[in-house]
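Chemist:
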Amino acid sequence: MGDEDSFVVTDAKPVSKYSFRLRHTTEGDDSPFSDSVHVETPESVPGAPQSLLCLNRTTSQIKVAWEPPELTNGILMCYHVTVKGPKVSLAPFQETQDTYFIFSGLLPGTEYKFQVYAVTGRGRGEPAVLLVHTVDLGHHAPAKPTLSVLGRHEIQVEWDIPKEPLSRITGYEVKVNGEAAYNGLDRSCIIRRLQADTEYTVTVSAWTNEGRCESVASKRRTNRDITISRRPPLYPFSKKTNGKNKEGKQ
């Protein structure tokens, strides 16, 4: 209500319909309302996507997902996804109409920044942001093996299963100084025919359908050879022959 010949609506919402009617008011009477005028506001940029989270991650791959924005402010056309971090070859952004995104070829144990934008005909709005670390290789590998020296020529090797196997474990491989010495599903083995008094480096790898992950190396030295020297007695006894001395006397 006022005496101006125009009025500005300042809190109108995007993509919303409004109806306007006018009437003239004097001190003594009010005129009837005019016919309605219908107006629809145009689209605007949308709000940020909701509930951006990491669904799955490995040493080289991250999968994120999200929900549409609470305020679409128009018809959602697509989403723009950007990824920032080492070894990223994603040009300015990746366009998708899905509400999830999988990015591969990443470095193990590395932080990456994901930004997801919703897009309408008026452009993209504010992003949802998520920081995610790829899994360190150590989580997929067996624990550092325990070595027990059994003598001069044997070492017993024992290990624990990985904390986060890449997938179903199909076998373990034990390497001694870089050479394969055992393959199987047991979590212990004995390495035989080793050299005495020699240091050996041992690693254990877990094989899965996704590949191989190797443990941190352990080192142990086999025992020394024990040699017993034969020394002549300090006081040798004289050799007797038929009770006679060297001169043939009794």
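Going by the working numbering, the sequence shown opens with residue 2, and the numbers climb by one from there. For each residue, glycine too, the CB sits at the ideal point set by N, CA and C. None of the values given here were measured: they were computed from a predicted structure.
Exposed or buried, which one is residue 57 when buried takes at least 16 other CB atoms within 10 Å?
Modeler: Locating residue 57 in the sequence shown gives position 56, where the first residue counts as 1. So residue 57 counts as exposed.
Chemist: Where does residue 49 land, buried or exposed, given buried means 16+ other C-beta within 10 angstroms?
Modeler: Within the sequence shown, numbered from 1, the residue matching residue 49 stands at position 48. The residue in question, residue 49, is buried, as its Cβ has 16 or more Cβ neighbours within 10 Å.
Chemist: Please name the residue, chosen from 45, 180, 26 and 94, that lies closest to residue 123 on a Cα-to-Cα basis.
Modeler: Within the sequence shown, numbered from 1, the residue matching residue 123 stands at position 122. It is 45.
Chemist: Look at the alpha carbon of residue 182 and the alpha carbon of residue 126, and state the distance between them as a whole number of angstroms.
Modeler: Taking the sequence shown and counting its residues from 1, the one referred to as residue 182 is at position 181. Taking the sequence shown and counting its residues from 1, the one referred to as residue 126 is at position 125. Whole-angstrom Cα-Cα distance: 58 angstroms.
Chemist: List the endpoints of the continuous alpha helix (DSSP H) containing residue 141.
Modeler: Within the sequence shown, the letter at position 140 stands for residue 141. 138-141 is the span of the alpha helix (DSSP H), which, as asked, contains residue 141.
Chemist: Find out if the Cβ-Cβ distance for the pair residue 166, residue 134 is shorter than 8 angstroms.
Modeler: Taking the sequence shown and counting its residues from 1, one reaches residue 166 at position 165. Taking the sequence shown and counting its residues from 1, one reaches residue 134 at position 133. No, Cβ-Cβ distance for residue 166 and residue 134 is not below 8 angstroms.
Chemist: Alpha carbon to alpha carbon, what distance is there between residue 55 and residue 136?
Modeler: Position 135 of the sequence shown, counted from the start, is the residue given in the question as residue 136. Position 54 of the sequence shown, counted from the start, is the residue given in the question as residue 55. Those two C-alpha atoms are separated by around 12 angstroms.
Chemist: Taking the alpha carbon of residue 113 as the point to measure from, which residue in 214, 104, 33 and 10 has its own alpha carbon closest?
Modeler: Translated into positions along the sequence shown, residue 113 becomes position 112. Nearest option by C-alpha distance: 104.
Chemist: Can you round the beta-carbon distance between residue 220 and residue 201 to whole angstroms, since I take them to be within the 8 angstroms contact cut?
Modeler: Your numbering for residue 220 matches position 219 in the sequence shown. Your numbering for residue 201 matches position 200 in the sequence shown. Confirmed, Cβ separation roughly 7 angstroms.
Chemist: For residue 60 and residue 86, which I take to be in contact (beta-carbon distance under 8 angstroms), what is that distance rounded to the nearest angstrom?
Modeler: In the sequence shown, residue 60 corresponds to position 59, counting from 1. In the sequence shown, residue 86 corresponds to position 85, counting from 1. Rounded, the Cβ-Cβ distance is 14 angstroms, inconsistent with contact.
Chemist: Over the uninterrupted beta strand (DSSP E) stretch that includes residue 114, give me the two end residues.
Modeler: Taking the sequence shown and counting its residues from 1, one reaches residue 114 at position 113. From DSSP, the beta strand (DSSP E) with residue 114 extends over 112-121.
Chemist: Helix, strand or coil for residue 148 per DSSP?
Modeler: In the sequence shown, counting from the first residue as 1, residue 148 sits at position 147. Three-state result, residue 148: strand.
Chemist: Is the number of C-beta pairs between the segment 11-21 and the segment 32-40 that are closer than 8 angstroms three or more?
Modeler: Touching, per the Cβ criterion.
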